[in-house]
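Note that numbering that gives the first Met the number 0 gives residue 212 to position 213 of the sequence shown, counting from 1, and the numbers run on in steps of one. Only one structure is covered here, and it is reproduced in the block below.
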Amino acid sequence: MSGRNMTFILAAVLLLFLASNSLFVIKETERAVMLKFGEVVNPNIQPGLHFKIPFVNNVRKFDGRVLTVDSQPERFFTQEKKALIVDSYAKFKVADTSKFYTATNGDESRAMGLLSQRINDGLRNQVAVRTIQEVVSGERDQLMEDIATQLNKVALTELGVEVVDVRVKQIDLPPDVSDSVYRRMNAEREKEAREHRSQGQELAEGIRAAADREVTVIEANAYRDAQQIRGEGDARATAIYASAFGQDPEFYSFTRSLKAYQDAFGDKGDILLLQPDSDFFRYLKGPDGGK
């Protein structure tokens, strides 16, 4: 191989090396800063293909997506000086690349550690001015909103990151007090249950007594009405019978005698001892009744 060809090859390799160290690509999901001997000269490199001076400029890339920092559970004291174990997390993203690099040297784990400390400080301050009821349920949403607002200002100023959201995953009582709190809550619930049960029994007795009284009144009224209707019916029937029999007393006497004969001679074993001229045999002597 000639010296000229060797020179050409060496030049091509040198150009390729320079090109590989001069060109770089920033993705849509990345943020980057350009350094010149360690000093930030371009704090916000846009996505795309860019050029740098080899051995002079250096490019540091960061994840531009929303990241999650999961803080360790911490013990905080409420307004009543009651201890709570609060487990929280936050969502953040790099907003100021220059400040982020200066504060964390571009280390995401360091940024998460610093942000986690500030989250715990914010939670400690917010929990300290609220009661347990307010922290757990009453003002929990307001608590998260206040922490996110305050933390975002501090994080943006000190770390160059924007806090998107802060959430509490779990709130527990410390193990040393959870048992006593559980026993107290259980006793309170049992007391409340007994009160409700006694009130229910009292109400049931009142309803049962009112129902029995109403049943007695209804039965008495029904019996009174039945007797009245029955008396009116008997009176009306008697009047009808009297009116009917009064039209022909002889026919009534005849039918009554036939009924008496039927009842008297219905059983062959019956024996009657009567005078022959007894009025019982009146209609046996003739259809006119022996007249």
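For glycine and all other residues, C-beta sits at the position ideal for the given N, C-alpha and C.
{"Query": "Rounded to whole angstroms, how far is the Cβ of lysine 51 from the Cβ of serine 21, which I believe are closer than 8 Å?", "Result": "6 Å"}
{"Query": "Just verifying my parser: in three-state terms, what is the DSSP assignment at alanine 225?", "Result": "helix"}
{"Query": "Under the DSSP definition of a beta bridge, which residues are partnered with leucine 83?", "Result": "Phe75"}
{"Query": "Nearest by alpha-carbon distance to arginine 139: which of Ala234, Thr148 and Val126 is it?", "Result": "Val126"}
{"Query": "In this structure, does DSSP put leucine 48 in helix, strand or coil?", "Result": "strand"}
{"Query": "What did DSSP end up calling leucine 66 once you bin it into helix, strand or coil?", "Result": "strand"}
{"Query": "Closer than 6 Å by C-beta to isoleucine 131: which residues in its own chain qualify, once you throw out the five before and the five after it? Chain order, please.", "Result": "Thr77 and Lys81"}
{"Query": "In terms of residues, what are the limits of the beta strand (DSSP E) holding arginine 166?", "Result": "160-171"}
{"Query": "Would DSSP call alanine 209 helix, strand or coil?", "Result": "helix"}
{"Query": "Name the residue from Arg223, Met33 and Ser197 whose alpha carbon lies nearest to the alpha carbon of glutamine 45.", "Result": "Met33"}
{"Query": "Does the structure place the segment 141-157 close enough to the segment 172-191 that three or more beta carbon pairs sit under 8 Å?", "Result": "no"}
{"Query": "Which residue from Arg229, Gln116 and Val85 puts its Cα closest to that of glutamate 157?", "Result": "Gln116"}
{"Query": "Shortest alpha-carbon distance to histidine 49 belongs to which of Thr254, Lys258 and Val24?", "Result": "Val24"}
{"Query": "What's the C-alpha gap between alanine 110 and threonine 103?", "Result": "6 Å"}
{"Query": "With C-beta atoms as the reference, is lysine 92 less than 8 Å away from glutamate 161?", "Result": "yes"}
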